[in-house]
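Read through the structure below, which is laid out as structure tokens, and then see the notes.
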Amino acid sequence: MQLNITTITLVAILGLAAIAFYGLLISRNMIKLVVALQILVKGAILAFILAGNIQAPVTSASTSQAVTYGAISDAQTLALTIIVADTIVAVLGLAFAVQIRRRFGTLDIKALTTLKR
Amino acid sequence: MVWQMLIAIGILASAVLAIISKRLLVSAIWLALTSALTALMIYLLGAPQIAVIELSVGAGLVTVLFVFAINIAGEEPIEIRSLVSKPVAWVLLVVAAGLAIYMLLPTLGLVPTTSPDIATASILWNQRYLDILLQIAIFFSGVLGVLGLLSDGKPRVAGEEEEQHAA
């Protein structure tokens, strides 16, 4: 396997997704869950940018290195939309956490149910 | 190449520390570092505009929001057992990562193709205007949602004040 920026970014994307899934599975603190979601979305943004880079790499004229600039495609606009949506998800998640803390006195997601067992 | 590798290692290390940190504030700071390094990686991948937005929003705004929320809600380290046991979580993780690698391996030999050099702004404002509308809608719904969630009292009905004064 050739070690280039595509491979390195793919490893980073997979690693971010794995770390975030692990955090989502083991954490019970609501704010920690929002942190894990943020990490997961970072991987998604990187994946979109990488897809745009694979589709349309433009090597910089100013540098001789294989650094690519201006990988112009729809992927960047989609990544922008993801950043906006992710921010709103974080804002709403944190607002939920604050309200839940006020009403239930805890951030533990297992203590949120009001149904009888 | 060395820089990209160091940045990738930094992203993964700070993400791990954000998950395993006991204190929420420390976790938020590690998340900010993850965002900053992700922005750097995005820049190296050839998307400087997105990198700047990610840096300002991901590492700036979201971190401030986290600190604000932690300040209001307070630190609450939950030490009790997680919903899914750690061995099960690890098994699920390994299976998911294996499947992802299995699906991604054939794409690694992909030959890059060229596309016409169109400015991102042109794509954003001319071809993707529906996305702009979607983003505006998301922003408004987010702001309205936060206002609804954080409001404490009941909405004041017109004439209620007059009745209170009369009483």
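Those sequence lines, one after another, are chains A and B.
Note that this note's numbering has the first sequence beginning at 2, numbered continuously upward.
Note that this note's numbering has the second sequence beginning at -1, numbered continuously upward.
No residue lacks a Cβ here, since even glycine has one placed at the ideal position from N, Cα and C.
Checklist entry - A/ASN119 by DSSP, collapsed to three states: which one? => result This structure cannot settle anything about residue 119 of chain A, because the visible part of chain A is limited to 2 through 118.
Checklist entry - Who does B/ASN69 pair with in a DSSP beta bridge? => result Here residue 69 of chain B is taken as the residue at index 71 of the second sequence, counted from 1. For B/ASN69, which the question treats as bridged, DSSP gives no partner whatsoever.
Checklist entry - Roughly how many angstroms lie between the CA atoms of A/ILE110 and B/TRP123, to the nearest whole one? => result Along the first sequence, one-based indexing puts residue 110 of chain A at 109. Along the second sequence, one-based indexing puts residue 123 of chain B at 125. Using only the alpha carbons, I get a separation of about 41 Å.
Checklist entry - Since A/ALA98 meets chain B, which of its residues come closer than 7 Å, beta carbon to beta carbon? => result Locating residue 98 of chain A in the first sequence gives position 97, where the first residue counts as 1. Near A/ALA98 (Cβ distances below 7 Å), the residues of chain B are ALA67, ALA71.
Next on the checklist: With DSSP as the reference, identify every bridge partner of A/LEU30, one or two as the case may be.
Outcome noted: What you label residue 30 of chain A is simply residue 29 of the first sequence in a count that begins at 1. Before going further, note that residue 30 of chain A is Asn rather than Leu in the sequence given. According to DSSP, A/ASN30 bridges with A/ASP109.
Item to check | Minimum Cβ-Cβ distance from A/VAL68 to chain B less than 8 Å | outcome: Translated into the one-based positions of the first sequence, residue 68 of chain A becomes position 67. Bear in mind that a pLDDT of 43 at A/VAL68, under 50, signals an unreliable position, so the number given afterwards is only what the model happens to contain. Yes, because at least one Cβ of chain B sits closer than 8 Å to the Cβ of A/VAL68.
Item to check | Cβ neighbours of B/SER33 in the same chain (closer than 6 Å, five flanking residues each side left out) | outcome: Looking up residue 33 of chain B in the second sequence gives position 35. For B/SER33, where only same-chain residues beyond five positions count, the Cβ hits under 6 Å are GLY56, ALA57.
Next on the checklist: Give me the chain A residues within the contact set of B/MET3, using Cβ-Cβ distance strictly less than 7 Å, ordered along the chain.
Outcome noted: Residue mapping note: residue 3 of chain B aligns to position 5 of the second sequence, counting from 1. Near B/MET3 (Cβ distances below 7 Å), the residues of chain A are ILE9.
Next on the checklist: Quick test of the definition: if touching needs 3 or more C-beta pairs under 8 Å, does the stretch 5 to 24 of chain A touch the stretch 83 to 98 of chain A?
Outcome noted: no
Item to check | Contacting residues, own chain, Cβ-Cβ under 8 Å from A/GLN77 (five flanking each side not counted) | outcome: Residue mapping note: residue 77 of chain A aligns to position 76 of the first sequence, counting from 1. These residues qualify, in order along the chain: PHE49, ILE50, GLY53.
Checklist entry - Mind checking if A/ALA45 is an interface residue toward chain B, Cβ cutoff 8 Å exclusive? => result Taking the first sequence and counting its residues from 1, one reaches residue 45 of chain A at position 44. Chain B contact via Cβ: absent.
Checklist entry - When you compare only the Cα positions, how much space is there between B/ILE68 and A/ILE84? => result The residue given as residue 68 of chain B occupies position 70 in the second sequence. The residue given as residue 84 of chain A occupies position 83 in the first sequence. Straight through space, the alpha carbons of A/ILE84 and B/ILE68 are spaced by roughly 22 Å.
Checklist entry - Residues of chain A with CB under 7 Å from B/GLY96, in chain order? => result By one-based count along the second sequence, residue 96 of chain B stands at place 98. The contacting residues do not exist; B/GLY96 stays about 10 Å from chain A at best.
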